[in-house]
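Protein chains in written order, with the working numbering: chain W, 247 to 954; chain H, 298 to 369.
C-beta atoms are modelled at their ideal positions from N, C-alpha and C, and glycine is treated no differently.
Everything numeric in this text was worked out from a predicted model, so none of it was measured.
First up is the structure itself, then whatever we jot down about it.
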């Protein structure tokens with residue numbers, strides 16, 4: 247008989263003809279307590295997940311199902327090897343793992359499918375033991391070897407078991423299948439934990455890891471045993487048979503009502519949490535306040551429209567000024583200046599007299615030139631010089647007219663009164679415009695401030711949530727009523743059952759020949775009842791313990807740990823991370839991954855099994871930045887535990903840049919190599935056939951300084 | 298699945314006679330054996346057998362009778 251060990255790691259794996267791997271591949275995994283991480287990476291589709299599946303198959307003799315699906319179309323035997331088998335030919339598919347505990351090598355498990363071809367056939371048949379469909383004409387033989395090296399034994403003192411049932415028992419003691427998803431798992435499971443069916447996973451995890459199913463089974467079997475004993479007595483005593491039947495029916499009905507009551511309680515708890523969340527939301531988004539803000543907003547919008555309209559009128563008036571009045575005012579100013587000049591020149595005698603130039607010309611043209619006073623105007627005479635001088639200063643009458651018109655134009659352009667009036671109006675418009683700008687700016691700022699507040703609220707969402715809250719309250723009332731009904735029926739049923747039991751006991755107790763059976767039945771019921779009580783207390787205890795341990799791992803793994811205070815697992819198994827104010831904190835994809843990993847580590851610790859951990863594509867669906875953060879924290883996540891990561895190239899060697907700063911984000915590989923936590927890297931490589939299709943996958947070790 | 302030590306610890310904390318605690322542990326061990334061997338259908342035979350062993354123990358019988366009555 248083997249002993250259950252708390253710490254186990256896989257040291258060596260050998261695969262032969264298993265799925266994508268034609269021929270044999272083998273690799274080592276880390277036993278180094280400091281450098282605990284082994285990496286196996288490759289492009290998608292080369293067989294990383296197959297490695298996980300092969301170890302599962304080696305342990306349990308069946309394919310790892312995902313979400314309860316049936317085994318895949320492709321069986322475990324490499325298709326090419328199977329197809330290439332000749333008549334009379336033999337080959338095999340096998341997986342062997344070597345396991346160490348703290349003291350050294352402890353177990354070797356090898357599972358084999360031998361196959362041989364007897365006849366050639368194109369028909370294909372389904373084969374459940376190896377999965378998929380295979381050519382008929384090939385026979386298969388399943389073999390298993392379980393080698394155990396006792397700690398006190400010598401190096402060659404191996405116990406070997408080959409009987410399937412015995413091997414199954416031994417493996418189940420060491421690696422219970424119910425725990426397998428806590429040491430062999432993939433990103434899909436991590437996603438399921440916290441995106442879809444988290445509550446169910448956590449419930450199953452806590453209850454199964456604790457062995458509660460055994461307790462439940464023992465409780466139920468004891469109850470059944472009591473019933474069966476009473477049945478046997480009743481069968482012997484015909485008179486008690488109807489009573490025994492009634493008791494059985496009553497118990498069945500009571501159990502059913504208890505189950506319904508349990509479901510109702512769970513739903514009531516869910517409703518309570520949902521209501522709390524909605525009420526918190528509504529408290530922060532009061533609809534009265536939103537309506538008030540909206541009204542203020544509408545009022546401000548209206549004011550702004552009015553201001554803009556009034557300003558438009560001002561603008562039109564200004565345009566009128568610019569296009570019509572201002573030129574006239576400018577012209578008036580110009581002519582006013584011109585008039586002043588004319589008046590000055592008049593005083594100075596510079597303005598020409600209103601004497602007709604033609605009249606003077608006629609005088610000078612007369613023969614001899616004679617003035618109207620009769621004076622002869624010969625050349626060179628003083629009078630002639632005066633007339634010549636006058637000639638240069640006399641303007642045409644037409645020009646005089648123009649000057650006269652011009653001087654009267656001044657008074658026609660703008661009257662003084664009108665000029666003063668326009669001046670005042672222009673000043674008013676300027677003042678009004680200044681006021682508009684100031685008021686408009688104030689109102690706009692006020693409106694923007696309110697808009698900002700409104701952006702934090704969503705009235706439609708508030709109304710929706712209010713409806714949901716009302717609906718939940720209605721459901722809650724109905725469920726309270728249902729629960730009361732169930733409780734009344736349970737009470738009634740239990741009273742009836744006690745009455746029936748008393749009658750039964752009275753009838754059977756009349757003769758002591760059934761005393762022993764009565765004692766046994768009573769014992770069985772008492773023990774069943776005690777186990778039920780145990781269970782209730784344990785479940786709460788375990789839930790709280792799991793939450794405490796999950797918190798411990800989570801705060802060690804997540805990067806922004808100062809944002810979190812703890813992890814809580816509620817009575818409905820809902821698992822939440824809380825901030826420093828104990829409010830629920832929504833998590834990024836990376837943080838959810840950390841929470842799932844932490845929960846898994848917590849369960850492993852409670853189950854007292856520090857076994858190897860093989861994780862397929864753990865960083866698949868998260869950002870590069872978060873991948874690097876997790877890679878940095880991974881070495882201290884569960885120190886000393888062997889961790890093997892099966893990662894895609896893009897996930898492992900991909901780089902990225904930060905969106906805002908453009909700063910380079912290193913790869914996960916660079917990060918892990920930098921903190922010296924990787925023991926070894928392996929690369930999966932594909933060989934291709936002449937059609938450029940992948941024909942086989944091989945594995946090789948990556949040298950430390952190799953660039954990939 | 299091996300019985301978690303938490304279950305046994307819980308049984309130890311119960312306010313019941315030591316013989317009853319041992320009986321409870323024995324029942325759980327039987328259940329574990331049945332689960333591992335996959336023969337749960339034999340539970341009645343196995344349980345009946347173990348109850349037979351203790352059916353004449355006065356302390357256990359008295360405790361169980363009192364417990365049964367207290368549940369009524």
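> Candidates W:397, W:334, W:424 and W:483: which alpha carbon is nearest residue 760 (chain W)'s?
Replying inline: In the first chain, counting from the first residue as 1, residue 760 (chain W) sits at position 514. Ranking the options by Cα distance to residue 760 (chain W), first place goes to W:483.
> So which residues of chain W does residue 307 (chain H) contact, with C-beta pairs closer than 7 Å?
Replying inline: Numbered from its first residue, the second chain carries residue 307 (chain H) at position 10. Those are 780, 783 and 784, listed as they occur along chain W.
>> Output needed for residue 481 (chain W): all residues of its chain with C-beta closer than 7 Å, excluding positions within five of it in sequence on either side, in chain order.
In response: Within the first chain, the letter at position 235 stands for residue 481 (chain W). Result list for residue 481 (chain W): 487, in chain order.
> Between residue 296 (chain W) and the rest of its own chain, which residues show a CB-CB distance below 6 Å, the 5 nearest in sequence each way excluded?
Replying inline: Working through the first chain from its first residue, we reach residue 296 (chain W) at position 50. For residue 296 (chain W), where only same-chain residues beyond five positions count, the Cβ hits under 6 Å are 265 and 266.
> Got a sec? Which residues, its chain only, sit under 7 Å from residue 376 (chain W) by beta carbon, not counting five neighbours each side?
Replying inline: Residue mapping note: residue 376 (chain W) aligns to position 130 of the first chain, counting from 1. So the qualifying residues of the chain are 321, 322, 323, 359 and 386.
> Who are the neighbours of residue 349 (chain H) on chain W, taking C-beta pairs under 9 Å?
Replying inline: Sequence index remark: in the second chain, residue 349 (chain H) carries index 52 (1-based). Per Cβ cutoff of 9 Å: 762 and 766.
> From W:479, W:799 and W:609, pick the residue whose C-alpha is nearest to that of residue 767 (chain W); which is it?
Replying inline: The sequence position of residue 767 (chain W) within the first chain is 521, counting from 1. When only C-alpha atoms are compared, the closest one is W:479.
>> Three or more C-beta pairs under 8 Å: does that hold for the stretch 879-895 of chain W against the stretch 915-929 of chain W?
In response: yes
> Assuming residue 835 (chain W) and residue 455 (chain W) make a contact with CB atoms under 8 Å, what is their CB distance in whole Å?
Replying inline: Mapped onto the first chain, residue 835 (chain W) falls at position 589. Mapped onto the first chain, residue 455 (chain W) falls at position 209. Actually they are not in contact, since the Cβ atoms of residue 835 (chain W) and residue 455 (chain W) sit about 26 Å apart, beyond 8 Å.
>> With H, G and I counted as helix, E and B as strand and the rest as coil, what does DSSP make of residue 516 (chain W)?
In response: If you number the first chain from 1, residue 516 (chain W) lands on position 270. Correct three-state label for residue 516 (chain W): helix.
> Are three or more beta carbon pairs between the stretch 462-477 of chain W and the stretch 338-351 of chain H nearer than 8 Å?
Replying inline: yes
>> Please identify the residue among W:858, W:848, W:841 and W:930 whose C-alpha is closest to the C-alpha of residue 436 (chain W).
In response: Translated into the one-based positions of the first chain, residue 436 (chain W) becomes position 190. Closest option to residue 436 (chain W), Cα to Cα, is W:841.
>> For residue 383 (chain W) and residue 776 (chain W), what's the separation of their Cα atoms in angstroms?
In response: As a first step, residue 383 (chain W) must be located in the first chain, where it is residue number 137. As a first step, residue 776 (chain W) must be located in the first chain, where it is residue number 530. The straight-line gap from Cα to Cα measures roughly 58 Å.
> Relative to the C-alpha of residue 946 (chain W), which residue among W:263, W:280 and W:285 is closest?
Replying inline: For the purposes of this step, residue 946 (chain W) is taken as residue 700 along the first chain, with counting starting at 1. Closest by alpha carbon: W:285.
> Based on the DSSP output, what are the partners of residue 422 (chain W) in its beta bridges?
Replying inline: By 1-based counting over the first chain, the position of residue 422 (chain W) is 176. In DSSP, residue 422 (chain W) forms no bridge with anything.
> Does the stretch 387-397 of chain W come close enough to the stretch 337-356 of chain W to have 3 or more Cβ pairs within less than 8 Å?
Replying inline: yes
>> Per DSSP, what are the beta-bridge partners of residue 859 (chain W) in this structure?
In response: As a first step, residue 859 (chain W) is located in the first chain; it is residue number 613 there, counting from the start. W:889, per the DSSP bridge assignment.
> When the Cα of residue 818 (chain W) is compared with those of W:512, W:356 and W:699, which residue comes out closest?
Replying inline: Position 572 of the first chain holds residue 818 (chain W). It is W:512.
> Taking a cut of 8 Å between CB atoms, which residues from the stretch 450-480 of chain W lie near chain H?
Replying inline: 454, 455, 456, 457, 458, 459, 460, 461, 463, 464, 467, 468, 470, 471, 474 and 475
>> For residue 704 (chain W), count the other beta carbons within 10 Å of its own beta carbon; 16 or more makes it buried, fewer makes it exposed. Which is it?
In response: Residue numbering aside, residue 704 (chain W) sits at position 458 when the first chain is read from its first letter. Exposed, since its Cβ has fewer than 16 Cβ neighbours within 10 Å.
>> Using a Cβ-Cβ distance cut-off of 8 Å, determine whether residue 434 (chain H) contacts chain W.
In response: Coverage of chain H is limited to positions 298 through 369, which leaves residue 434 (chain H) absent and any answer about it impossible.
> To the nearest whole angstrom, what separates the beta carbons of residue 897 (chain W) and residue 926 (chain W), a pair I think is in contact under 8 Å?
Replying inline: Position 651 of the first chain holds residue 897 (chain W). Position 680 of the first chain holds residue 926 (chain W). About 18 Å separates the two Cβ atoms, so there is no contact after all.
> What residues match up with residue 824 (chain W) in a beta bridge as DSSP calls it?
Replying inline: Numbered from its first residue, the first chain carries residue 824 (chain W) at position 578. Answer by DSSP bridge pairing, in chain order: W:812 and W:830.
>> I want to see whether chain A comes within less than 8 Å of residue 328 (chain H), judged by CB atoms only; does it?
In response: Of the protein chains in this structure, namely W and H, none is chain A.
> Mapping DSSP to helix, strand and coil, what is residue 854 (chain W)?
Replying inline: Against the first chain, residue 854 (chain W) aligns to sequence position 608. Looking at residue 854 (chain W) - three-state DSSP - the assignment turns out to be coil, as it is neither helix nor strand.
> Measuring CA to CA, which of W:868, W:824, W:364 and W:419 is closest to residue 809 (chain W)?
Replying inline: Working through the first chain from its first residue, we reach residue 809 (chain W) at position 563. That would be W:824, whose Cα lies nearest to the Cα of residue 809 (chain W).
> Going by DSSP, what residues sit across from residue 288 (chain W) in a beta bridge?
Replying inline: Here the question's residue 288 (chain W) lines up with position 42 in the first chain. W:894.
>> Between residue 871 (chain W) and residue 911 (chain W), how many whole angstroms is the CB-CB distance? I'm expecting something under 8 Å.
In response: As a position in the first chain, residue 871 (chain W) is number 625, starting the count at 1. As a position in the first chain, residue 911 (chain W) is number 665, starting the count at 1. With 8 Å as the limit, residue 871 (chain W) and residue 911 (chain W) qualify as a contact, their Cβ atoms being about 5 Å apart.
>> Taking beta-carbon pairs under 7 Å, can you tell me which members of the stretch 819-838 of chain W lie near chain H?
In response: none
> What does a CB cutoff of less than 6 Å around residue 820 (chain W) pick up in its chain, not counting 5 residues either side in sequence?
Replying inline: Looking up residue 820 (chain W) in the first chain gives position 574. Cβ within range, chain order: 445.
> residue 268 (chain W) touches chain H at which residues, Cβ-Cβ below 7 Å?
Replying inline: The count along the first chain starts at 1 and reaches residue 268 (chain W) at position 22. Simply none; closest approach about 35 Å.
> Between which two residues does the alpha helix (DSSP H) harbouring residue 267 (chain W) extend?
Replying inline: Taking the first chain and counting its residues from 1, the one referred to as residue 267 (chain W) is at position 21. Element bounds for residue 267 (chain W): not the alpha helix (DSSP H) but the beta strand (DSSP E), 267-274.
> With C-beta atoms as the reference, is residue 451 (chain W) less than 8 Å away from residue 304 (chain H)?
Replying inline: For the purposes of this step, residue 451 (chain W) is taken as residue 205 along the first chain, with counting starting at 1. For the purposes of this step, residue 304 (chain H) is taken as residue 7 along the second chain, with counting starting at 1. No. Outside cutoff.
> So, do the stretch 542-552 of chain W and the stretch 693-710 of chain W have three or more beta carbon pairs nearer to each other than 8 Å?
Replying inline: Result yes; three or more Cβ-Cβ pairs closer than 8 Å.
> residue 340 (chain H) versus chain W: which residues are under 7 Å apart at the beta carbon?
Replying inline: One-based indexing of the second chain puts residue 340 (chain H) at position 43. Correct list: 467.
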